[in-house]
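Per our numbering, residue 1 is the first one in the sequence shown, and the count goes up by one each step. Where is the CB? At the ideal position from N, CA and C, for every residue including glycine.
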Amino acid sequence: MGYLQFCLGSTLSTQRLCMSNYRLDDLDRRILTELAKNARLSNTELAELVPLSHSAISRRVSRLESEGAILGYGAHIDPAALGITIQAFVGVRRDPSASPEELSRGLRAIPQVARCWIVSGEHDYFLEVRAKDMEHFSDVILKQVQKVPGVLATVSTFVLADLQTEQAPTRALATGKLDK
């Protein structure tokens, strides 16, 4: 099964792996913009910034959460504070006979895989892997990633310095420069 067939598969969960298509109006975008600036805003505080009632804000935020436009809330923690000193990007080539859905599920089940993308180009998947040290990273790759059925080959690229940790779309949205 090719990538396009995988993405256009019949299950909703498979389609959500590949792309998200949200129908947002201007008020939804304003809510997302304000939450991108400060995720700790209460619905009452949001209602002061967006011209809607507290209950309308609450309904919209709940809908944005259930539809997946809001992925979650949380603290941005420096991984080094938790003893995680290695960050690497790992390109994964898939065995053409392997099921993309099963391979995706297997890669995403590895706790050290912080992010997982299906990509075009030289690799089929790109992983962001976090580890305590090189020995731990080596164990993750050799004993977990390369053991996932369908993984043909991996190539690792290590982060030497993190120059910008904020997500670009969130930052652009919060500064009002997403469309510029």
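Here L46 is not near I70, since their CB atoms are 9 Å or more apart.
For A47, no beta strand (DSSP E) run applies; the uninterrupted alpha helix (DSSP H) run containing it begins and ends at N43 to L49, by DSSP. For S58, the uninterrupted alpha helix (DSSP H) run begins and ends at H54 to S66, by DSSP. With a minimum length of 4 residues, the unbroken runs of alpha helix (DSSP H) contained wholly in the region 131–164 fall at 134–143. Shown here, L127 sits in a strand according to DSSP, grouped into three states. Within its own chain, the residues whose Cβ lies closer than 7 Å to the Cβ of V148, once the five positions on either side in sequence are excluded, are L103, G106 and L107, listed in chain order.
Distance between A81 and G68, taken at the CA atoms: about 29 Å.
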